[in-house]
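J.:
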Amino acid sequence: MSLQEYAMRVPLDEADFDDADRLVYGGQLFTGVAVEADEDGVLLGETSYRDGVQDGPERNFRDDGSVSLENVYRFGIIRESRRWHANGRLAYEMHADEFGRMETARHWDADGNPE
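Everything in the sequence shown is counted per the numbering used here, starting at 24 for the first residue and increasing by one.
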């Protein structure tokens with residue numbers, strides 16, 4: 024997905040999902056980033072779409088703005104996943120094949136020690 028395609032950012036609550044669970048915005052399958060914010064406008068999450076299907080990064084944010092979760096999708100299939108402890112250290116990392124089957128997964132405690 025090009026940077027120009029990612030340039031379109033819309034609030035998720037202004038879009039809809041069709042019968043095939045694809046994101047539709049303005050009557051078209053959506054390509055860009057759908058964002059979710061709380062009532063004060065604080066960013067909670069953002070998800071990338073191409074032609075209505077998750078494709079690219081999806082991120083969830085903590086109240087302080089730090090990333091708590093990042094998933095990377097390709098054609099609607101999760102390929103990578105990472106979670107962070109509140110202190111910013113990596114807690115979990117997973118890689119999957121093109122069919123979404125987990126290939127590797129690792130866990131760390133809040134001090135960075137492997138679990």
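All C-beta atoms, glycine included, are put in the ideal place defined by N, C-alpha and C.
Keep in mind that this is a model prediction, so the values were computed, not measured.
1) Please classify E62 as buried or exposed, where buried requires at least 16 neighbouring CB atoms within 10 angstroms.
2) Compare the beta carbon distance of P34 and V56 with 8 Å and say whether it is the shorter of the two.
3) Helix, strand or coil, according to DSSP, for E138 in the structure here?
4) Have a look at R73 and Y48 and give me their C-alpha separation to the nearest angstrom.
5) What are the boundary residues of the beta strand (DSSP E) that includes M117?
6) When the Cα of G135 is compared with those of E121, M31 and G111, which residue comes out closest?
7) What would DSSP say about E62, mapped onto helix, strand or coil?
8) What is the DSSP secondary structure of D36, counted as helix, strand or coil?
9) Going by DSSP, what residue range makes up the beta strand (DSSP E) through G79?
T.: Put simply:
1) exposed
2) no
3) coil
4) 12 Å
5) L113 to A119
6) Residue G111 is the option with its Cα nearest to G135.
7) coil
8) The answer is helix: DSSP assigns D36 an H, G or I state.
9) Bounds of the beta strand (DSSP E) holding G79 are V76 to F84.
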